[in-house]
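Below: the structure, in C-alpha cells.
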C-alpha cells in the first residue's frame with residue numbers, strides 16, 4: 001500500500017492532509033500482519049500507544065476545522081508523523097531481516113525502540129492539548145500516554161537474552177565439532193525448539209533465514225565487520241545443520257539426500273574465505289559519516305574530511321554544520337583532499353581492493369537498479385519534506401512575529417507561547433525565528449505586567465539563545481538588561497529561573513562574561529536565586545555563576561554578593577543534586593583574595609570537603625582536593641591544623657593519592673607533603 005504524500009501549500013503544513021496521513025500511517029502500523037517473534041513487548045507497547053494516538057488524530061479530524069488548529073500543533077503532529085513512520089520502518093525491518101541476527105543484536109534493536117519512545121515523548125510534551133477541540137477522555141488518555149512515555153525505561157527481554165545464550169552455545173558446539181567425531185553432543189531436539197521459538201518452523205522458513213543471513217553478511221562486508229561476518233557464517237552453518245536434522249527427522253525416506261548439506265556449507269565457506277581476505281580499513285581512511293572507505297575524500301569549511309557522497313547528502317538534506325564538530329559551516333565548498341586520496345589509493349593497491357565502487361554482477365543488476373531508484377526517490381522525498389518543513393516554520397514564525405508587534409495582550413500572550421514551543425525543538429527553527437525579527441519584540445514583552453506574557457517571552461528567548469548566532473543577536477539587541485530585571489523581580493519563579501538559564505546560555509561566550517559581570521545587578525540576582533529558587537533554578541544559577549567566575553574580575557563580585565555561604569549550604573543538600581557544580585564555583589572563587597578569606601571563615605567547609613573526598617564523584621573529588629590544597633597554602637596553617645585533627649582526612653587523602661585521577665593524585669600528594677611539613681614544624 002502506498003503512503004499518502006505529505007503535501008505543503010503556501011508554506012504551512014495543511015492540517016487536513018497531515019491528519020489524513022497520520023491516520024493512514026497509524027492504520028498501517030496497526031494492521032501489520034505476521035509480526036516478528038522477537039521484540040514482542042517493545043512492538044506491542046509501541047502499537048498500543050500508536051492506537052491511542054490514532055484515536056486522537058481521528059477525533060481532531062472530526063471535531064476541528066483546519067483553520068482553527070494552532071501552528072504549533074501542526075508542527076507537533078508533523079513530529080509525531082515522523083516518529084510513527086520510523087516505528088513502521090523499524091517493525092518492518094524486524095520482520096524482513098534475519099531473526100537470528102536480530103536476536104544477536106537484541107540490545108541494539110531494543111535501544112532503537114526506546115529512542116523512538118523518547119522521540120514520541122518529546123513530540124507529545126509540546127503538543128498543546130488545551131488548544132485542541134478533543135474530549136476530556138481523549139486528553140486524559142494522551143496525558144497518561146505522555147506520563148508513561150516519560151517513565152518508560154529501556155526494556156531488553158530476558159527471554160531473548162536466554163534464547164541468544166542457547167544459540168551461542170549451539171554455535172560453539174557446532175564450531176568445536178566441525179573437525180571431530182563428536183557430532184552426537186549436539187542436542188537436536190533442543191536446537192529444533194530454539195529455532196521454533198524464533199519463528200523457524202518449516203523448510204521454507206529455514207531457506208528464507210539463510211538467504212537473509214547471507215544478505216546480512218554482504219552488508220557487513222561493506223563495513224569491514226569481520227567478526228560480525230564470522231558470527232553470521234556460524235549462524236548459517238547452524239541453520240543449515242538444523243534444517244538438515246529436522247528434515248531428516250520428518251522425512252526419513254529421503255535421509256540420504258539430507259545428509260549432504262555440503263552445498264550450503266561450501267557456499268558459507270566460500271563467503272568466509274572471500275571476506276577473510278578483506279583487511280581492516282584504517283580509521284583515518286574511513287568516512288566519519290558512513291564509516292566506509294573514503295574513495296573521494298573532501299575537506300569542508302570546518303577542516304574535517306569526509307567522503308564526497310556522504311557529506312553531499314548531509315548538506316543537501318538541509319544541514320549547515322559539521323557532522324563531527326557541530327561547527328557552523330561558513331561556506332559549503334567541498335575541497336578535494338588529494339594527499340589523503342593518494343594514500344588511500346596506495347593502500348587499496350597494496351591490499352588488492354578496487355579503488356572504484358564494486359560493480360554488480362549481471363544477475364543483480366536489475367534488482368540493484370530498482371533499489372537505487374527507490375533510494376533516490378527516498379532521498380528526494382526527504383529533501384523535499386525538509387524544505388517544506390523549513391518553509392512552514394518560516395511562514396509560522398513571520399505570522400507570529402506580526403502578532404507580537406500588533407496584537408492585543410491576549411494575542412501577544414498566545415503568539416509568545418507559540419514561539420516558545422516552536423523554538424523548543426530544532427536549531428533551524430531557532431535560526432528562522434530570530435531571522436523573522438522576533439527578538440526585539442520578545443524583549444519588549446519582558447516588561448509586560450501579564451505574568452504569562454513575561455514567562456512565555458523569557459522562555460522563548462532562552463530557547464532561541466541555544467543557537468550560537470542568536471546569542472549575538474540577543475546581546476546586540478540589548479536584551480541582557482531586561483533579562484536581569486526579570487531575574488531579579490520577575491512575575492513568577494519560572495520566569496526568574498528561565499532568565500537565569502538564558503544568562504547561563506549567553507555567558508558561554510567569553511566576551512559576554514565581561515559584559516554580564518559588569519552589570520551591577522546581575523550577579524546579586526543570580527546569588528539570590530541560589531536561596532529562593534527551585535532545584536532546577538538553583539542549578540541554572542550555579543552554572544551561570546560558574547561561567548561568569550571563569551573571568552577573573554567577576555570573582556570578587558560573586559563573593560561580595562554572598563555566594564560562598566549559600567554554595568557551601570548547597571554542598572549539604574543531596575536533593576539539589578548540584579554538589580559538583582557548587583564545588584566548581586567555589587574552586588574558581590578561591591583564586592581571588594576575597595574568596596580565599598570567605599572560604600577560610602567557614603567552620604563546616606573542611607569536614608564537608610573531607611567527606612566529599614571519600615564519597616563524592618570523580619569531579620567532586622577533584623574540586624574538593626583543589627579547595628583543600630588552596631586553603632592550606634599561603635598562610636593556611638589553621639586549615640592544615642583542622643585537617644590534621646580530622647581522623648578521616650589522612651586516610652581519604654592517601655586513598656585519593658593512590659586511586660584518584662592524575663590531577664587529583666598530584667594535588668593529594670602535594671597536600672600530604674604540606675601537612676607533613678606542618679606536623680614536623682609543630683613538634
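Residue numbers (UniProt numbering): 1 to 683. The beta carbon of each residue, even a glycine, is placed where N, CA and C say it ideally should be. Only a predicted model underlies this, so the values are computations on that prediction, with no experimental measurement involved.
Look at the alpha carbon of residue 673 and the alpha carbon of residue 505, and state the distance between them as a whole number of angstroms. Numbered from its first residue, the chain shown carries residue 673 at position 673. Numbered from its first residue, the chain shown carries residue 505 at position 505. Distance between the alpha carbons of residue 673 and residue 505 is about 41 Å.
Where in the region 607 to 668 do unbroken runs of the alpha helix (DSSP H), each at least 4 residues long, occur, reported from the N-terminal end onward? 618 to 632, 637 to 645 and 649 to 659
Along the chain, where does the alpha helix (DSSP H) that runs through residue 71 open and close? Here the question's residue 71 lines up with position 71 in the chain shown. Run containing residue 71: 71 to 96, per the alpha helix (DSSP H) assignment.
What whole-angstrom Cβ distance do residue 586 and residue 578 have, given they're in contact under 8 Å? Counted from its first residue, the chain shown places residue 586 at position 586. Counted from its first residue, the chain shown places residue 578 at position 578. The Cβ separation is near 12 Å, so there is no contact.
Considering residue 299, what are the terminal residues of the beta strand (DSSP E) in which it resides? For the purposes of this step, residue 299 is taken as residue 299 along the chain shown, with counting starting at 1. Start and end: 297 to 299.
Inter-residue spacing [alpha-carbon to alpha-carbon] between residue 605 and residue 521: Within the chain shown, the letter at position 605 stands for residue 605. Within the chain shown, the letter at position 521 stands for residue 521. Computed Cα separation, rounded: 28 Å.
Between residue 325 and residue 305, what straight-line distance do the alpha-carbon atoms span, to the nearest angstrom? For the purposes of this step, residue 325 is taken as residue 325 along the chain shown, with counting starting at 1. For the purposes of this step, residue 305 is taken as residue 305 along the chain shown, with counting starting at 1. One C-alpha to the other measures close to 12 Å.
Within 10 Å of its beta-carbon, does residue 40 have 16 or more other beta-carbons around it, so buried, or fewer, so exposed? Locating residue 40 in the chain shown gives position 40, where the first residue counts as 1. Burial call: exposed.
Which residue spans inside the region 130 to 205 form an unbroken beta strand (DSSP E) run of at least 3? none
Same chain, Cβ closer than 6 Å to residue 519, five either side skipped, listed in chain order: Reading the chain shown from its first residue, position 519 is the one you call residue 519. Only 484 meet the Cβ criterion.
Identified DSSP bridge partners for residue 336: Taking the first residue of the chain shown as position 1, residue 336 is located at position 336. In the DSSP output, where bridge partners are listed per residue, residue 336 has 298.
Could you have a look at residue 603 and say whether DSSP puts it in helix, strand or coil? Taking the chain shown and counting its residues from 1, one reaches residue 603 at position 603. In the structure shown, residue 603 sits in coil (DSSP, three-state: anything other than H, G, I, E or B).
Using only alpha-carbon positions, find the residue among 336, 328, 404 and 302 that is nearest to residue 309. Within the chain shown, residue 309 is the residue found at index 309, counting from 1. Comparing Cα-Cα distances from residue 309 to each of 336, 328, 404 and 302, the minimum goes to 336.
From residue 134 to residue 128, what distance separates their C-alpha atoms? Here residue 134 refers to the residue found at position 134 when the chain shown is read from its first residue. Here residue 128 refers to the residue found at position 128 when the chain shown is read from its first residue. Distance between the alpha carbons of residue 134 and residue 128 is about 11 Å.
Own chain residues within Cβ distance below 6 Å of residue 403, not counting five before or after: Locating residue 403 in the chain shown gives position 403, where the first residue counts as 1. 411 and 415, listed in sequence order.
Tell me, please, which residues DSSP counts as bridged to residue 49. Taking the first residue of the chain shown as position 1, residue 49 is located at position 49. Paired residues: none, contrary to the question.
Close-in-space but distant-in-sequence residues of the same chain around residue 584 (CB under 7 Å, 5 per side omitted): Counted from its first residue, the chain shown places residue 584 at position 584. Result list for residue 584: 546 and 623, in chain order.
Are residue 113 and residue 90 close, meaning C-beta to C-beta below 9 Å? For the purposes of this step, residue 113 is identified with residue 113 of the chain shown, where counting begins at 1. For the purposes of this step, residue 90 is identified with residue 90 of the chain shown, where counting begins at 1. Result yes, Cβ atoms of residue 113 and residue 90 sit closer than 9 Å.
Could you tell me how far apart the beta carbons of residue 170 and residue 194 are, in whole angstroms, since I believe they sit closer than 8 Å? Start at 1 with the first residue of the chain shown, and residue 170 comes out as number 170. Start at 1 with the first residue of the chain shown, and residue 194 comes out as number 194. Contact holds; Cβ gap of about 7 Å.
Taking only three categories from DSSP, how would you classify residue 286? Translated into positions along the chain shown, residue 286 becomes position 286. Three-state DSSP puts residue 286 in a strand.
Beta carbon of residue 85 nearer than 9 Å to that of residue 25: Residue mapping note: residue 85 aligns to position 85 of the chain shown, counting from 1. Residue mapping note: residue 25 aligns to position 25 of the chain shown, counting from 1. A contact, by the Cβ cut-off of 9 Å.
Can you tell me which of 473, 458 and 469 puts its alpha carbon nearest to the alpha carbon of residue 482? By 1-based counting over the chain shown, the position of residue 482 is 482. Among 473, 458 and 469, the Cα nearest to that of residue 482 is on 458.
Could you name the residues of the same chain whose beta carbon sits closer than 6 Å to that of residue 216, not counting the 5 residues immediately before and after it, in chain order? Counting from 1 along the chain shown, the entry for residue 216 is found at position 216. The residues are 98, 101 and 232.
Between the beta-carbon of residue 74 and the beta-carbon of residue 18, is there less than 9 Å? Here residue 74 refers to the residue found at position 74 when the chain shown is read from its first residue. Here residue 18 refers to the residue found at position 18 when the chain shown is read from its first residue. Going by C-beta atoms, residue 74 is nearer than 9 Å to residue 18.
Specify, as a first and last residue, the run of the beta strand (DSSP E) that residue 305 falls within. The sequence position of residue 305 within the chain shown is 305, counting from 1. Note, residue 305: beta strand (DSSP E), 305 to 307.
Collapsed DSSP secondary structure at residue 535 in the structure displayed: Indexing the chain shown from 1 puts residue 535 at position 535. It is helical.
State buried or exposed for residue 615, treating a residue as buried only when at least 16 other CB atoms are found within 10 Å of its CB. Within the chain shown, the letter at position 615 stands for residue 615. It counts as exposed.
Distance CB(residue 22)-CB(residue 69) smaller than 9 Å: Sequence index remark: in the chain shown, residue 22 carries index 22 (1-based). Sequence index remark: in the chain shown, residue 69 carries index 69 (1-based). Cβ atoms of residue 22 and residue 69: not closer than 9 Å.
Those residues which DSSP pairs with residue 293 across a bridge: Counted from its first residue, the chain shown places residue 293 at position 293. Answer by DSSP bridge pairing, in chain order: 286.
Roughly how many whole angstroms lie between the Cα atoms of residue 329 and residue 319? Within the chain shown, numbered from 1, the residue matching residue 329 stands at position 329. Within the chain shown, numbered from 1, the residue matching residue 319 stands at position 319. Going by the C-alpha atoms only, they are around 9 Å apart.
DSSP on residue 396, reduced to helix/strand/coil? Within the chain shown, residue 396 is the residue found at index 396, counting from 1. Helix, per DSSP.
Anyone know if the C-beta pair for residue 591 and residue 630 falls short of 9 Å? Counting from 1 along the chain shown, the entry for residue 591 is found at position 591. Counting from 1 along the chain shown, the entry for residue 630 is found at position 630. Their beta carbons are under 9 Å apart, which means residue 591 touches residue 630 by this criterion.
DSSP three-state label for residue 321, please. As a working note, residue 321 is residue 321 in the chain shown. Correct three-state label for residue 321: strand.
In this structure, does DSSP put residue 328 in helix, strand or coil? Translated into positions along the chain shown, residue 328 becomes position 328. Reduced to three states, the DSSP call for residue 328 is strand.
In three-state terms, what does DSSP make of residue 21? Within the chain shown, the letter at position 21 stands for residue 21. Residue 21 falls in the helix class under three-state DSSP.
Which one of 649, 468 and 81 has the shortest CA to CA distance from residue 686? Outside the shown range of the chain (1 to 683) lies residue 686, about which nothing can therefore be said.
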